[in-house]
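Numbering (the UniProt record's numbering), first residue to last: 1 to 112.
In what follows, a single structure is set out as structure tokens and then discussed.
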């Protein structure tokens, strides 16, 4: 098992999760974070820290797509271990449906 970041992180990008991760397995894209599935130790401390409830264990149904997205972009994006401010309009996008199709960006974030 590993944890994955799902579409509710897109355009919210709260970073509360990165500070509690004991193995620094978060990677930053332009408008979301992902977890490297080979680095995640399945401790679960990140899941309750996410205000958008975007982090899920990959044992939940229908998360195959998100495991693939997390694995792919964790190889391309920079590592992030320091919490920064969420986007000023994050609350506006929290809970919106279809965010991957509408807003996902493959561009990297700034990382640490």
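From the three backbone atoms N, C-alpha and C, an ideal C-beta is built for every residue, glycine too.
Beta carbon of residue 50 nearer than 8 Å to that of residue 40: If you number the chain shown from 1, residue 50 lands on position 50. If you number the chain shown from 1, residue 40 lands on position 40. Taking the C-beta atoms as reference points, residue 40 is found no nearer than 8 Å to residue 50.
Residue 4 to residue 89 span [Cα, whole Å]: Here residue 4 corresponds to residue number 4 of the chain shown, with the count starting at 1. Here residue 89 corresponds to residue number 89 of the chain shown, with the count starting at 1. Rounded to whole angstroms, residue 4 to residue 89 spans 23 Å at the Cα level.
Selected residue, minimal CA-CA separation from residue 48, among 17, 34, 1 and 111: Counting from 1 along the chain shown, the entry for residue 48 is found at position 48. Comparing Cα positions, the closest option is 17.
Among 87, 78 and 105, nearest to residue 111 - alpha-carbon criterion: Along the chain shown, one-based indexing puts residue 111 at 111. Minimum Cα distance to residue 111 is reached at 78.
Minimum C-alpha distance to residue 36 - residue among 71, 46, 13 and 28: Here the question's residue 36 lines up with position 36 in the chain shown. The residue with the shortest Cα to Cα distance from residue 36 is 71.
Which listed residue (1, 32, 6 and 22) has its alpha carbon closest to that of residue 85: Walking along the chain shown from the start, residue 85 turns up at place 85. Checked all of 1, 32, 6 and 22; the closest Cα to residue 85 is 32.
Residues that residue 14 bridges to, as DSSP identifies them: The residue labelled residue 14 in the question sits at position 14 within the chain shown. The partner list for residue 14 (beta bridge, DSSP) is empty, contrary to what the question assumes.
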